[in-house]
Amino acid sequence: MLLAIDVKRTIADLKTLAAFGKFESGVNRRALTIEDIAARAWLMGRMQAANLEASIDGIGNVIGVTPGCQRYIIIASHSDTVPKGGWLDGAMGVIFGLEIARALVETGESTDIGIKVISFNDEEGRFAGLLGSSVFCGLKTLDQVAELSTEDGITLNDALQKAGYAGQTIVTFDPVQDIAYLEAHIEQGPVLESNNRKIGIVTEIIGAERARVLFFGQSDHAGTTPMVMRKDAAAALYEFAVRFAEFCREYGSDSTVWNLGYARLEPGAYNVVARESELYIEYRDTSTEILGRIRKAIPELAAEIGTKFNVSHQFFPGICISPEVMDLKLLERIEAAAGRCDASCMRMPSGGGHDAMLFARKVPTAMMFVPSIGGRSHDVAEDTHEADINLGLNVLGEIVSDIIDNGLSVSNK
Ligand SMILES: [Zn+2]
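Its first residue numbered 9, the sequence shown is counted upward by one per residue in my numbering.
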């Protein structure tokens, strides 16, 4: 199967998509805003123009299907952005899918295996992260998510109504038809660039967990209260932060990362001992065992520090997203495809979450990265060299042709 992939047309589509919600050199296109809804309508139009069977379903996923096929490779990502984000995060994977499906239709050949291109709604979490893919995968129903709302109080239900998507059928994963999931994405980090490689082949998507800890002490005069008599919620927070990081460093792996994302002190003054403190923590790793080890240690640590500083505490565990391993056979075939395209590649974990992680337990799933200039992402500075976008598109086209020609069971090892 020779797919005549048109790089110029792909870049032109990416640039047109980036004009919806353009902000400085990037894009501000959060899910179900006016700009995002317009972008979805445009995307569906591009799918129709490519003779795909196109629709926007009841959760706002945009879906384009090559007609007349029995089985499908899903090529997907997302077209919403973080606030003031970049032009390629998500968008590149969607437009790659569009181009490959378009090229397949243009061959005029009827194939058993076709393509479903999908732009999943709200990957970035204006309402909830991985919203569209969770509903597509049947992990959440519309009823379960309808009352989710944004920080400014807009419910998902209202936003879907306004967009005109409410009441449309919800399209879900088909375990008989859908035989593989592929997602191309920008790396969003500096690893490929610093290793001088053009394609990253994702081995696993790392898991992430969050927690919130609060300490409650007593406000006192910071000059007159002896140190031993204080109930200092700030001191407890600082010690907790340091000890948490030490624990992750000592008992984590090389791939463990952690973040102290937010801290609050009350009342927050030079001369007042803090009566209350709050800290948001997040930690990520590819190993469920290490995540479990950290999960078990942190409430114990909070209790120990509370006692030490004579303050009470509360501990709230947050989301737990388990790590997901990508399909090894598919991974090897992407390596072979990269080789045929003369693209240097390397295996690497993904430190960011992606729609792909929800598919890993359903169907052979793989992800590939292209380099991000300076590792920048989730910022208007996000960019990738056009030559690298081209190469990534060709490698994805090559792996898709291989699957269409040879099915999934053949390994190129
Ligand atoms: Zn993304």
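We treat Cβ as the ideally placed atom computed from N, Cα and C, and that holds for glycine.
Name the residue from Pro198, Pro275, Ala192 whose alpha carbon lies nearest to the alpha carbon of Ser227. Pro275
On the CB-based measure, 16 or more other CB atoms within 10 Å of its CB, does Arg283 come out buried or exposed? buried
What runs of the beta strand (DSSP E), each 3 residues or longer, lie entirely inside the region 93-158? 121-128
Extract the residue ranges of the beta strand (DSSP E) inside the region 215-290, only unbroken runs of 3 or more that lie entirely within it. 215-224, 265-274
Span of the alpha helix (DSSP H) around Met55: 42-57
Determine the closest residue to Gly231 out of Ala188, Gly215, Ala277, Gly197, with distance taken between C-alpha atoms. Ala277
I'd like the ranges of any alpha helix (DSSP H) spanning at least 4 consecutive residues and lying wholly in the region 328-397. 336-348
Comparing the CB of Gly98 with every heavy atom of ligand 1, is any distance shorter than 6 Å? yes
Within 10 Å of its beta-carbon, does Asp21 have 16 or more other beta-carbons around it, so buried, or fewer, so exposed? buried
Here's a check: name, in chain order, each residue in its chain whose Cβ is nearer than 7 Å to the Cβ of Leu366, leaving out the five neighbours to either side. Leu138, Ser141, Ser142, Cys145, Leu147
Three-state secondary structure assigned by DSSP to Ala39: coil
Within 10 angstroms of its Cβ, does Thr264 collect 16 or more other Cβ (buried), or is it exposed? buried
Give the DSSP-derived three-state secondary structure of Val70 in the structure shown. strand
Pick from His362, Ile71, Gly359, Thr89: whose alpha carbon is nearest that of Ile126? Ile71
With DSSP collapsed to three states, give me the class of Pro325. strand
Would you call the region 109-123 in contact with the region 85-99, where contact means no fewer than 3 C-beta pairs closer than 8 Å? no
Report buried or exposed for Lys124, applying the criterion of at least 16 other Cβ atoms within 10 angstroms of its Cβ. buried
What separation, rounded to the nearest whole angstrom, lies between the Cα atoms of Asp151 and Phe324? 26 Å
Alpha carbon to alpha carbon, how far is Met375 from Ala84? 10 Å
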